[in-house]
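Participant: Under this note's numbering, think of the first position of the sequence shown as 13, with each following residue one higher.
Even for Gly, the Cβ is constructed at its ideal location relative to N, Cα and C.
What you are looking at is a predicted structure, and each value in this text was computed from that prediction instead of being measured.
What follows is a structure written as structure tokens; I'll ask about it next.
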Amino acid sequence: MSAVALPPSKATRRRRTRLWSKDPKRSAKVAGLVYTTDDQPGIHRLRHNKSFRYVDADKKPIRDLDTLRRIRSLVIPPAWEKVWISPLSNGHLQATGFDTKGRKQYRYHPDWNAIRNETKFYRLVEFAEVLPKIREQVEKDLRRPGLPYEKVLALIVRLMEKTSIRVGNEEYKKQNGSYGLTTMQDEHADIEGSKVTFRFKGKKGVFHEISLKDKRLAKLIQRCKDVPGEELFQYVDNEGNHRSVGSGDVNTYLREITGEEFTAKDFRTWRGTLGAFEAFQSLGLFDTPTACKRNINRCYDLVAEALGNTRAVSKKYYVHPKVITAYESEKLWGYCEGLDTAPSETADSSALSPLEVKVKQLLEATV
């Protein structure tokens, strides 16, 4: 009789999280994978009549059936150019390429995606630690003259923080007509003075209307709108050409700033967790288990409303379970002390806010 596979213990999950956050090569090893990059020799896709053929680094045709099946399973869009495919079936990065807008796209191994999802909450403390560094670099890049690549990416990251709008995905746009920051078009942004209003269809067909009041950002967004073309966020390269950006560009930008594997989605998870803490502050104490459960569900609903998803999605992906546990045990209130009188912003705009400091302390504690 075969043994039943048990889910990983909390100790194992914590170990995986530490490895993921600090050393992606070791993280890949923990997941049974090999850390790969597209700088390494790989398989290349060449057009052949109406289909494709694949060659290795020595330009020899790929004939191995298992390798060809693996390539097909990646479902690489036909429109991608400069396609690189890992020669290793257990490579953490399976393929890269450039879409029709020149944006770099990635295909990861399913096990890598799984460990990334598994550790999404347990990496939030590390994410909070690098947030000031991200904000500092974003501020520097926003001050660059013109509309270079780094400045447009910095603008998108700042908007992710301010609005919690998803980063966007070209495939979702093509398949579902849904938009995020990197795929938005000029028509999705209305600017009146210092106020910017984004109106667009998001993931799963949900319509969003999100407003932001910020004179500086409004001016930058207007400059982006003034660039010829339908895409809202385009940069101007050294030759004066207008280029689009994608989610892969944003994630690479974050990786270069932090030296770690954080992505655009971590901003929404952080925002969801902060939102849950604030929701419980408003909802207050409970006097019965039923009231506790009702308040927790209301908390998930409030986060879902802010992020544009559902209660179930908020619970699974965006609210750190430690915040829920702290509310249930009534330990959350110890972290609320001083927040009512604390300034909403710090003198250093890149530093964590008083609320963020308290939430980080809660996540670091044993609840």
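Quick one, which of Ser362, Lys185, Gln234 has its alpha-carbon nearest Asp226's?
Facilitator: Translated into the one-based positions of the sequence shown, residue 226 becomes position 214. The shortest Cα separation from Asp226 among Ser362, Lys185, Gln234 belongs to Gln234.
Participant: For Phe110, which residues does DSSP report across the bridge?
Facilitator: Residue 110 sits at position 98 when you count from the first residue of the sequence shown. For Phe110, the beta-bridge partners assigned by DSSP are Glu93, Lys116.
Participant: For Gly241, which of Gly346, Asp198, Leu295, Glu204 has the nearest alpha-carbon?
Facilitator: One-based indexing of the sequence shown puts residue 241 at position 229. With distances taken between Cα atoms, Gly241 lies closest to Asp198.
Participant: Is the CB-CB distance between Thr194 and Gly214 below 9 Å?
Facilitator: If you number the sequence shown from 1, residue 194 lands on position 182. If you number the sequence shown from 1, residue 214 lands on position 202. No; because the gap between Cβ atoms is not below 9 Å, this pair is not in contact.
Participant: Beta-carbon separation of Tyr120 and Leu105 under 9 Å?
Facilitator: Taking the sequence shown and counting its residues from 1, one reaches residue 120 at position 108. Taking the sequence shown and counting its residues from 1, one reaches residue 105 at position 93. Yes, they are a contact pair.
Participant: Give a yes or no on whether the C-beta atoms belonging to Glu272 and Val142 are separated by under 9 Å.
Facilitator: Walking along the sequence shown from the start, residue 272 turns up at place 260. Walking along the sequence shown from the start, residue 142 turns up at place 130. Contact: yes.
Participant: When burial is assigned at 16 or more other CB atoms within 10 Å of the CB, is Phe210 buried or exposed?
Facilitator: Translated into the one-based positions of the sequence shown, residue 210 becomes position 198. Label assigned to Phe210: buried.
Participant: When you compare each of Pro89, Ala43, Asp50 to Phe64 by their alpha carbons, which one comes out closest?
Facilitator: Along the sequence shown, read from residue 1 onward, the residue named residue 64 stands at position 52. The residue with the shortest Cα to Cα distance from Phe64 is Pro89.
Participant: May I ask which residues mark the beginning and end of the beta strand (DSSP E) holding Leu224?
Facilitator: Numbered from 1 along the sequence shown, position 212 holds the residue referred to as residue 224. Residues 219-225.
Participant: Whose C-alpha, out of Lys94, Arg84, Glu93, Trp124, is nearest the C-alpha of Gly103?
Facilitator: Counting from one through the sequence shown, the residue named residue 103 turns up at place 91. The shortest Cα separation from Gly103 among Lys94, Arg84, Glu93, Trp124 belongs to Trp124.
Participant: Per DSSP, what kind of secondary structure is Gly260 in: helix, strand or coil?
Facilitator: Stepping through the sequence shown from its first residue, residue 260 is reached at position 248. Of the three classes helix, strand and coil, the one that applies to Gly260 here is helix, per DSSP.
Participant: Do Arg228 and Leu344 have their CB atoms nearer than 9 Å?
Facilitator: Taking the sequence shown and counting its residues from 1, the one referred to as residue 228 is at position 216. Taking the sequence shown and counting its residues from 1, the one referred to as residue 344 is at position 332. No. Outside cutoff.
Participant: Rank Leu319, Asp313, Thr281, Tyr161 by C-alpha distance to the C-alpha of Glu372 and give the top, closest one.
Facilitator: One-based indexing of the sequence shown puts residue 372 at position 360. Glu is not the amino acid found at residue 372; the sequence shown has Lys there. Closest option to Lys372, judged by alpha-carbon separation, among Leu319, Asp313, Thr281, Tyr161: Thr281.
Participant: Hey, quick one: how far does the alpha helix (DSSP H) through Thr209 stretch, first residue to last?
Facilitator: Here residue 209 corresponds to residue number 197 of the sequence shown, with the count starting at 1. First-last for Thr209: 207-213, but that is the beta strand (DSSP E), not the alpha helix (DSSP H).
Participant: Within a Cβ cutoff of 7 Å, which residues of the same chain sit near Ser33, ignoring the five residues on either side of it in sequence?
Facilitator: Here the question's residue 33 lines up with position 21 in the sequence shown. Caution is warranted here: a pLDDT of 46 is assigned to Ser33, below 50, making its placement in the model unreliable, and the coordinate value is therefore given only provisionally. Excluding positions up to five away in sequence, the list reads Arg135, Glu138, Glu272.
Participant: Taking the runs of the alpha helix (DSSP H) that are 4 residues or longer, which of them lie wholly in the region 314-372?
Facilitator: 333-340
Participant: Within a Cβ cutoff of 7 Å, which residues of the same chain sit near Arg156, ignoring the five residues on either side of it in sequence?
Facilitator: Working through the sequence shown from its first residue, we reach residue 156 at position 144. Scanning its chain for C-beta atoms nearer than 7 Å, with the 5 sequence neighbours on each side dropped, one finds around Arg156 the residues Glu162, Lys163, in chain order.
Participant: Here's the rule: buried if 16 or more other CB atoms are within 10 angstroms of the residue's CB, otherwise exposed. What is Val218?
Facilitator: On the sequence shown, position 206 is the one that residue 218 refers to. By the 10 Å Cβ count, Val218 comes out exposed.
Participant: Take Leu375 and list the residues in its own chain whose beta-carbon comes closer than 7 Å to its own, dropping the five residues that flank it on each side.
Facilitator: Within the sequence shown, residue 375 is the residue found at index 363, counting from 1. Same-chain partners within the cutoff: Leu136, Val137, His332, Lys334.
Participant: Can you list, in chain order, the residues of its chain whose CB lies under 6 Å from that of Val239, leaving out five sequence neighbours each side?
Facilitator: As a working mapping, residue 239 is identified with position 227 in the sequence shown. Excluding positions up to five away in sequence, the list reads Gln246, His254.
Participant: Between which two residues does the alpha helix (DSSP H) containing Tyr184 stretch?
Facilitator: Your numbering for residue 184 matches position 172 in the sequence shown. Taken as a continuous stretch (DSSP letters only), the alpha helix (DSSP H) holding Tyr184 covers 182-188.
Participant: Which runs of the alpha helix (DSSP H) fall wholly inside the region 138-198 and span at least 4 residues, in chain order?
Facilitator: You should have 161-175, 182-188.
Participant: Is the separation between the beta-carbon of Gly260 and that of Gln117 shorter than 9 Å?
Facilitator: As a working mapping, residue 260 is identified with position 248 in the sequence shown. As a working mapping, residue 117 is identified with position 105 in the sequence shown. The beta carbons of Gly260 and Gln117 sit closer together than 9 Å.
Participant: Between the alpha carbons of Ala69 and Tyr329, how many angstroms are there, rounded?
Facilitator: As a position in the sequence shown, residue 69 is number 57, starting the count at 1. As a position in the sequence shown, residue 329 is number 317, starting the count at 1. Using only the alpha carbons, I get a separation of about 39 Å.
Participant: Kindly indicate which three-state DSSP category Asp123 falls into: helix, strand or coil?
Facilitator: One-based indexing of the sequence shown puts residue 123 at position 111. Residue state, collapsed to three classes: helix.
Participant: When you compare each of Tyr265, Arg57, Glu182, Ser361 to Ile97 by their alpha carbons, which one comes out closest?
Facilitator: Along the sequence shown, one-based indexing puts residue 97 at 85. Of the listed residues, the one whose Cα sits closest to Ile97 is Arg57.
Participant: DSSP three-state call for Asp78: helix, strand or coil?
Facilitator: The sequence position of residue 78 within the sequence shown is 66, counting from 1. Of the three classes helix, strand and coil, the one that applies to Asp78 here is helix, per DSSP.
Participant: Assuming Lys145 contacts Thr270 under a Cβ cut-off of 8 Å, what Cβ separation, rounded to an integer in Å, is found between them?
Facilitator: If you number the sequence shown from 1, residue 145 lands on position 133. If you number the sequence shown from 1, residue 270 lands on position 258. At roughly 6 Å, the Cβ-Cβ gap stays under 8 Å, so Lys145 and Thr270 are in contact.
Participant: Please return the same chain residues whose Cβ sits closer than 6 Å to the Cβ of Pro289, not counting the five positions on each side in sequence.
Facilitator: For the purposes of this step, residue 289 is identified with residue 277 of the sequence shown, where counting begins at 1. It should be noted that the sequence gives Phe, not Pro, for residue 289. Correct list, in chain order: Val335, Val371.
Participant: Along the chain, where does the alpha helix (DSSP H) containing Gln293 start, and where does it finish?
Facilitator: Locating residue 293 in the sequence shown gives position 281, counting from the first residue. It spans 276-295 - the alpha helix (DSSP H) in which Gln293 sits, taken as one unbroken run.
Participant: Along the beta strand (DSSP E) that carries Arg65, what are the first and last residues, could you check?
Facilitator: Here residue 65 refers to the residue found at position 53 of the sequence shown. 63-67 is the span of the beta strand (DSSP E), which, as asked, contains Arg65.
Participant: With DSSP collapsed to three states, give me the class of Glu243.
Facilitator: Taking the sequence shown and counting its residues from 1, the one referred to as residue 243 is at position 231. Three-state DSSP puts Glu243 in a strand.
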